[in-house]
Every structure is written in C-alpha cells, then in structure tokens.
Amino acid sequence: MSIEKERTRKFFESAHGMKLSAGFYVLLLGLVTTVTFCTAKQIDSDGFHRGCKLEGLHPFLIVTYKNITISVDKITVPHGERVTVRCRELGKYKLVGDPLLHCRNASWSGKLPSCTPTTAISNYTGVTIIGNIYVWKRNEILFHLIFLLSLIVRGETEDVPPTIVFGLPAGSAAVEPSGALAVYPGSILHLECLFARKLGNPEWTWTSTFRQYLTGWAIAARERDWKYRLSIYYAKTQDSGVYTCSTPRGLSNSIRVHVVDVQCPVLNLPKPPLIGKIEGARMGHGATFECPIGFKLEGAAGITCQYNGKWSAEIPRCETIVCPPIDKFDDTRLQLLEYNNTFGRRAVFACMWGHRLLGSQSIECQGDGSWSGSTPSCEEIICPTPSIPKSGRIIEQTNRHNSGRKQHQTRMYKVGALVRFACVPGHQLLGEASVICTENGTWSHPPPVCKVRCPYPGDPPHGRIAPLKFWYKPGDNIQVTCSPGYVTPLEPVRKPTCRENGIWSAPPPPCRSYKDV
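Here the sequence shown stands for residues 1 to 517, numbered as in the UniProt record's numbering.
(1) On a Cα-Cα basis, can you pick out the residue from 199, 236, 198 that is closest to residue 213?
(2) Count the other CB atoms, across all protein chains shown, that sit within 10 Å of the CB of residue 413; report buried if there are 16 or more and exposed otherwise.
(3) Note down, in chain order, each residue of its chain lying with its Cβ closer than 6 Å to the Cβ of residue 506, except the 5 sequence neighbours on either side.
(4) Taking residue 116 and residue 84 to be in contact with their CB atoms under 8 Å, please state how far apart those CB atoms are, rounded to whole angstroms.
(5) If you draw a straight line from the C-alpha of residue 52 to the C-alpha of residue 376, how long is it?
(6) Using 8 Å as the cut-off, can you tell me whether the segment 384–392 makes contact with the segment 419–427, which would need three or more C-beta pairs spanning the two stretches below that distance?
(7) Just curious, the beta strand (DSSP E) that residue 227 is in, first and last residue?
(8) Specify the secondary structure class of residue 506 as computed by DSSP and reduced to three states.
(9) Should residue 339 be labelled buried (16 or more other beta-carbon atoms within 10 Å of its own) or exposed?
(10) On a CA-only basis, which of 82, 313, 253 is nearest residue 267? Give me that one, please.
(11) Express the C-alpha separation of residue 165 and residue 86 in angstroms, rounding to a whole number.
(12) In whole angstroms, what is the alpha-carbon distance linking residue 82 and residue 111?
(13) For the candidate residues 478, 477, 483, whose alpha-carbon lies nearest to that of residue 461?
(14) If distances are taken between C-alpha atoms only, which option among 68, 385, 50, 91 comes closest to residue 106?
(15) Please classify residue 225: is it buried, with 16 or more other beta-carbons within 10 angstroms of its beta-carbon, or exposed?
(16) Bridge partners for residue 222 per DSSP, in chain order?
(17) Suppose contacts are defined by Cβ-Cβ distances below 8 Å. Is residue 93 in contact with residue 119 by that definition?
(18) Under three-state DSSP, which class holds residue 469?
(19) One question on the structure: do residue 599 and residue 502 come within less than 8 Å of each other, judged by their Cβ atoms?
(20) Specify the secondary structure class of residue 326 as computed by DSSP and reduced to three states.
(21) With residue 180 and residue 258 assumed to form a contact (beta carbons below 8 Å), what rounded beta-carbon distance in angstroms separates them?
(22) Buried or exposed for residue 518, going by 16 or more other Cβ atoms inside 10 Å?
(23) Measuring alpha carbon to alpha carbon, tell me which of 465, 485, 454, 467 ends up nearest residue 474.
(24) Touching or not, the segment 241–254 and the segment 203–213, by the rule of three or more beta carbon pairs under 8 Å?
(25) Are the beta-carbon atoms belonging to residue 305 and residue 283 less than 8 Å from one another?
(26) Are the beta-carbon atoms belonging to residue 270 and residue 281 less than 8 Å from one another?
(27) By the DSSP assignment, the beta strand (DSSP E) with residue 276 in it spans what residues?
(28) By the three-class DSSP mapping on this structure, what secondary structure does residue 269 have?
(29) Taking the alpha carbon of residue 431 as the point to measure from, which residue in 279, 444, 380 has its own alpha carbon closest?
(30) Confirm, please, whether the CB-CB distance from residue 248 to residue 186 is below 8 Å.
(31) Can you check which of these residues, 160, 498, 489, 494, is closest to residue 512 by C-alpha distance?
(32) Taking the alpha-carbon of residue 303 as reference, which of 458, 387, 277 has the nearest alpha-carbon?
(33) Can you give me the Cβ contacts of residue 233 inside the same chain, cut-off strictly under 7 Å, excluding the 5 residues immediately before and after it?
(34) Drop a sphere of 10 angstroms on the beta-carbon of residue 163, count the other beta-carbons inside from all chains shown, and report buried for 16 or more, exposed for fewer.
(35) Mind checking residue 40: buried by the 16 CB within 10 Å criterion, or exposed?
(36) With burial defined as no fewer than 16 other Cβ atoms inside 10 Å of the residue's Cβ, what is the status of residue 470: buried or exposed?
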C-alpha cells in the first residue's frame, strides 16, 4: 500500500474510531482523495524557520487566519502564526480535535480536527435514498457520506451526537472563528438540543456557576417531540461558558457561549443612489443595501457586525449600469444613428445607401449590463434580373455608381441600376420604357410588354392620312386626303391595312397634280 493511501486510511480510522476491512477500504478508495494537512520540514540551511502547509481541508471546516476566512484549498502559514478552526454550521456538526493550531517550524501543534455530523444531518435532512445508494444533494458532502457508510458497517446509524441550534427571540449574536457563539448582553438565548423524545430525555450541563437555567422539552406542539431546550434570559457576562447536551447513551455536543458587549462603528445612512436599511451597530446587527433601477450594487448586499467589532464588509456602492461599448464594427457599411450605452438607453443602426440591415435596427442596454441583442450587419441590396418582354429586348443596363458602365455581363443589379427596354420592329412598347432598382430590392415598375403594331407610315407629299395615330393595331385601315389641286389615283386602290406582323399591306397612295392626271 502506498504512503498516501496509508495516510488516508489512518486519517479515516482516527476520525471515526474504527478499523477498515480490506473490502470496505477498497470502496473508500473510490470515494476519497488523499488529504494532506502539513508537510514537516527542517530549518533552512540559512537558519530561517519554514511555514506550515494547510491543504485538502475537510469540506465542512472553516479555517480562519488573522480574522480572515481561508477560501483557497492550499495555503502556507508562516512560522509562529496560528489558525482557528470550526465547523461550518454551528451546532449541526461536532468539532473533533483542537480548534486552535500553532505553526512551529513547518509542523502544526496538533492534527487538523474534523467535523462529525449530528442527528439533524445524519437522520433526515441531507440525504436521499435511491435503492441502496445514498445520493447527496451537494457534491461537497462526500466526507459525511463516508461517515454514514462507517455507521452502517458498525450497525450504529443512531449513534451520532445531538444537534444543537440556537434561537434569539431578543438581542443579537455572532459566531466567532473559534466556533464560540458571541452573544450581546441582555439577549434572550434559546439553545435547542434536537433529539427524538421517544428515545429518552437528554441532559443539559454547563460550566457557568452564575445561575441555574431552565431546561425542558419545547411547549409548541410541532417542537415538543424533538427539541430539548435550555434558555438564558437577559444574558450577562457571567453566563459565558460551555453548554453541553448529552443523550441517554452518553453522546454529547457542546456550544461555547461568550457574552460580550461588542459595538461596531455606527453606520450613517447612505447617500443616494445607494439605499440602505440599518438594524443597528451591536454585534449581530446587520445592514442591507440595494440600488435603484439603472444601477448595480458593487459589494455585499448585506453586512453584519462581527464579534471583533468590525463590519463583515465595506459599505457597497451603486454603479451606473453600463453596457459594453459599441465603437468598432466588423462591417464598415454599418452606421450608428443614436448611441447611449447606459441602462435603458439604446443604440440605433442604419446601413449605407444601397444596403439593408440584417438584425434589429435598435438594441437596448438591459439591467444586467448586456445589450438586448447583437450588433446587426449590412448586406448589399440586389434586385432580381428583370424579365425581358416577348418580342422585346434590354437595350441598356447602367448603375449610377458605375458611371454608365454596362452590367449585363455580371447580371448584378444594385440599387440605382437603370434598365431600358425596346421592342423589335412591328411592335409597340406598353408600360415603362425604363425601370430603376430601388432600396427595397424591387424594380420601380413592372416590365413592359411589346404588342404587335404598325407604325405611323407618314403623310404622302401633298396629302394627309387618316386616322392619325402613332401606332395602328392589326386590321386598322388608313386613307389619304390630298391637298387642293391634288388627287389620288382614279383606278380603284385598296386601303393600306395593318397586318398581323406589324407591317402595312401597302404604302399610302400618292397625291398627284390635276395636270398630271
């Protein structure tokens, strides 16, 4: 077995007072990672003392160094310094070991203590049973899962210390780094020992000799079967001491009570825009803060007056909610028409002429400091290829930005492109002879049509044709009226008729002088 594995095994056996069988130890190896508390080293060659390493902390241990809770998993404490250790939830876990550790030349004064779960944790609040598998609601409960497994192996699932919780009908209190409960003088404190009444009566004992304390089962119907209470009314300094609840089987849990008059610096009402509600400046009192719409809170929303007479955090401040700046675009064709990146304001976009917007035209700065949408982009507007009318053709395709250059080769019709139509001979163009590509991607007019027509043939010399039109439909006839002194040929002549192919059946008859007849 490796040194690290042996260390893990010894730690578990020491913490829970049991020997592990080979099979159960294999199970634990799948659940536990190696925990290292400190590495002992000798004095450096230059004579300086080394610090102590603290790592692999139990998930329910809180370690305080110089009144600061250690939040990292690995830290080195200088020689001569000390750390204070307590369990995360006062009374719900029993600390096993010395709460005060001194660093002496890379060695701790004792081994790191552990937290043993009590009745409220192991019996009914933390675990869900699925078949024969225990599934914890939080990943960090691994060590307590191991503890429960050890109880199952020993057949002692009920042999756990009682839980102690506290209530303050009046006054205030705070938890010290050592795990003691600091109580403000004059407070009313109830210590509740959680134990099933059907298993017998627990017993309260205390180290203070100042007075006797009322103990007994809670009176309320919903509490009297599991809360065994000790009450301290109008706490005084002399009430300080250790209060222990012991079960009929001899299992116990304790809370150290420290009655102390602690005042924090008085907090003044915050200046706008910060909004605050201050309970007071005594130990355990708190203050809550919030910001109005359009601002975000920078700092803690709530602070508490601690055991050491200091507030748990600085007074927060309100910062104007500002969204990320929009000052550069990947798309150079995009333009900003309106821009303000503070809360509730917006950015309005547009594209260069001849382009359309892809995305929202405007986005708003939201309360979480983000924009309501992404920055849009632009795409060039292209009109579809126009339809060429039957018996017609496109005679010119130009774009205002192309200096009259023809585009029929690229077949790209951008905004402003001009297309002209014409009909083959014998046809009349009905509709617009030219259309323009507009900014909505459509043509200004529908394509024209070419209809079969005969053109105006022109008046013969010294005569006029009737009826006078620019275009004549198939089947239309014309006749000629000559000027005075002129006549058409005397022999019968068929009137010129417009045929289906758009060509006259004959030219208009000529007008001749009387002298020539």
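Idealized CB from N, CA, C, for every residue including glycine.
This is what the structure holds:
(1) As a first step, residue 213 must be located in the sequence shown, where it is residue number 213. Nearest C-alpha to residue 213: 236.
(2) Sequence index remark: in the sequence shown, residue 413 carries index 413 (1-based). Classification for residue 413: buried.
(3) Taking the first residue of the sequence shown as position 1, residue 506 is located at position 506. Closer than 6 Å at Cβ, skipping near neighbours: 496.
(4) Start at 1 with the first residue of the sequence shown, and residue 116 comes out as number 116. Start at 1 with the first residue of the sequence shown, and residue 84 comes out as number 84. Rounded, the Cβ-Cβ distance is 19 Å, inconsistent with contact.
(5) Residue 52 sits at position 52 when you count from the first residue of the sequence shown. Residue 376 sits at position 376 when you count from the first residue of the sequence shown. C-alpha separation (whole angstroms): 57 Å.
(6) Contact holds: three or more Cβ-Cβ distances are below 8 Å.
(7) Taking the sequence shown and counting its residues from 1, the one referred to as residue 227 is at position 227. Segment 227–232, the beta strand (DSSP E) holding residue 227.
(8) Along the sequence shown, read from residue 1 onward, the residue named residue 506 stands at position 506. Per DSSP, reduced to three states, the secondary structure at residue 506 is coil, with no helix or strand assignment.
(9) Residue numbering aside, residue 339 sits at position 339 when the sequence shown is read from its first letter. Classification for residue 339: exposed.
(10) Translated into the one-based positions of the sequence shown, residue 267 becomes position 267. Nearest of 82, 313, 253 to residue 267, Cα basis: 313.
(11) Start at 1 with the first residue of the sequence shown, and residue 86 comes out as number 86. Start at 1 with the first residue of the sequence shown, and residue 165 comes out as number 165. Approximately 15 Å between the Cα atoms of the pair.
(12) Start at 1 with the first residue of the sequence shown, and residue 82 comes out as number 82. Start at 1 with the first residue of the sequence shown, and residue 111 comes out as number 111. Their Cα atoms are separated by approximately 13 Å.
(13) Position 461 of the sequence shown holds residue 461. Considering only alpha carbons, the answer is 483.
(14) The count along the sequence shown starts at 1 and reaches residue 106 at position 106. Of all alpha-carbon atoms in 68, 385, 50, 91, the one lying nearest the alpha-carbon of residue 106 is that of 50.
(15) Locating residue 225 in the sequence shown gives position 225, counting from the first residue. Residue 225 sits exposed, since fewer than 16 C-beta atoms from the chains shown fall within 10 Å of its C-beta.
(16) Here residue 222 is taken as the residue at index 222 of the sequence shown, counted from 1. Looking at the DSSP output, residue 222 bridges to nothing.
(17) Here the question's residue 93 lines up with position 93 in the sequence shown. Here the question's residue 119 lines up with position 119 in the sequence shown. In this structure, residue 93 keeps its C-beta atom at 8 Å or more from the C-beta atom of residue 119.
(18) Numbered from 1 along the sequence shown, position 469 holds the residue referred to as residue 469. Of the three classes helix, strand and coil, the one that applies to residue 469 here is coil, per DSSP.
(19) A query on residue 599 cannot be resolved here, the shown segment of the chain reaching from 1 to 517 and no further.
(20) What you label residue 326 is simply residue 326 of the sequence shown in a count that begins at 1. Coil, per DSSP.
(21) Counting from 1 along the sequence shown, the entry for residue 180 is found at position 180. Counting from 1 along the sequence shown, the entry for residue 258 is found at position 258. Confirmed, about 5 Å.
(22) No answer is possible for residue 518: it lies beyond the span of the chain, which begins at 1 and ends at 517.
(23) By one-based count along the sequence shown, residue 474 stands at place 474. The shortest Cα separation from residue 474 among 465, 485, 454, 467 belongs to 454.
(24) At 8 Å Cβ cutoff, the stretches touch.
(25) On the sequence shown, position 305 is the one that residue 305 refers to. On the sequence shown, position 283 is the one that residue 283 refers to. In this structure, residue 305 sits near residue 283, with a CB-CB distance shorter than 8 Å.
(26) Residue numbering aside, residue 270 sits at position 270 when the sequence shown is read from its first letter. Residue numbering aside, residue 281 sits at position 281 when the sequence shown is read from its first letter. Taking 8 Å as the Cβ cut-off, residue 270 and residue 281 do not qualify as a contacting pair.
(27) On the sequence shown, position 276 is the one that residue 276 refers to. Taken as a continuous stretch (DSSP letters only), the beta strand (DSSP E) holding residue 276 covers 275–278.
(28) For the purposes of this step, residue 269 is taken as the residue at position 269 of the sequence shown. Three-state DSSP puts residue 269 in coil, outside helix and strand.
(29) Here the question's residue 431 lines up with position 431 in the sequence shown. With distances taken between Cα atoms, residue 431 lies closest to 444.
(30) In the sequence shown, the residue the question calls residue 186 occupies position 186. In the sequence shown, the residue the question calls residue 248 occupies position 248. No, the pair does not count as a contact, with Cβ atoms beyond the cut-off.
(31) For the purposes of this step, residue 512 is identified with residue 512 of the sequence shown, where counting begins at 1. Comparing Cα-Cα distances from residue 512 to each of 160, 498, 489, 494, the minimum goes to 489.
(32) Counting from 1 along the sequence shown, the entry for residue 303 is found at position 303. If we check each option's Cα against that of residue 303, 277 comes out closest.
(33) Here residue 233 refers to the residue found at position 233 of the sequence shown. Cβ neighbours of residue 233 beyond the five flanking positions: 188.
(34) For the purposes of this step, residue 163 is identified with residue 163 of the sequence shown, where counting begins at 1. Residue 163 should be labelled buried.
(35) Here residue 40 is taken as the residue at index 40 of the sequence shown, counted from 1. Residue placement at residue 40 is poorly supported in this model, since its pLDDT is 39, which falls under 50; the coordinates are not used for a value here.
(36) Looking up residue 470 in the sequence shown gives position 470. Counting C-beta atoms within 10 angstroms of its own C-beta, residue 470 has fewer than 16 neighbours from the protein chains shown and is therefore classed as exposed.
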